Structures are given as C-alpha cells and as structure tokens.
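For the sequence shown, the positions run 740 to 813 when our numbering is used. Ideal placement from N, C-alpha and C gives every residue a C-beta, glycine not left out. For clarity, every value in this text was computed on a predicted model and none was experimentally measured. Read the structure below first, then the notes.
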Amino acid sequence: VYWRPLCGFSLRLLQALEAAGIRPELHDIWEEPEAAEFVRSVNDGAETVPTVVVDGTAYTNPPPDQLVAHLLQA
740 VYWRPLCGFS LRLLQALEAA GIRPELHDIW EEPEAAEFVR SVNDGAETVP
790 TVVVDGTAYT NPPPDQLVAH LLQA
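Okay, structure coming up:
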C-alpha cells in the first residue's frame, strides 16, 4: 500500500485491512522518493493515495470493503 500520513482515505483503508488481519507492505510516499515516483507513474503524474498493488496491478483509492473481500478470497 502506497500511502501518506494525514490522508483520511489511506487511514480508512489501513484500518479496514488491519481489522481483517491483513498486514500489507507499506510505502510512505513522503518518506520514500521512489514510492512517490511509482505512485505518480501509475496516476497520470498525481500523488494519489492510497495506491495499492495486487498481483502486479495498481489500484487507486480502492473501496476498502471490496479490497478486503478480494484479498481474503486469494
């Protein structure tokens, strides 16, 4: 999960993942320049978070409930 502090959308997603017992690999785009670069590369130059990569596909601000359901099925 590519995220940044103080982002309500990121925090909501991370809370949903934690509640489901899912521990994602986290990348803070404010602390990791290469993470910010990746996020811009998949979001038309914007640093839109959360950006989640699942099986090589990037999803921007996915609905937490749908992401959790998908990950639990995998």
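Neighbourhood of residue i by C-beta, 7 Å cutoff - its chain only, sequence neighbours within 5 removed
{"i": "R779", "result": "A785, E786"}
{"i": "P763", "result": "V740, L756"}
{"i": "W769", "result": "R743, P744"}
Candidates the options, of which the one nearest residue i by Cα
{"i": "A775", "options": "L811, V791, V807, L756", "result": "V791"}
{"i": "D794", "options": "E773, Q805, A813", "result": "A813"}
Presumed contact (8 Å Cβ cut-off) between residue i and residue j, rounded CB distance
{"i": "W742", "j": "L756", "result": "Actually they do not touch by this definition, with Cβ atoms about 11 Å apart."}
{"i": "V788", "j": "C746", "result": "6 Å"}
Cβ-based neighbour list, residue i, same chain, cut-off 6 Å, excluding 5 preceding and 5 following
{"i": "L806", "result": "none"}
{"i": "L810", "result": "I761"}
Cβ contact check for the segment 795-810 and the segment 751-764: 3 or more pairs under 8 Å: yes
If we require 4 or more residues per run, which alpha helix (DSSP H) segments fall completely within the segment 769-802? 772-781
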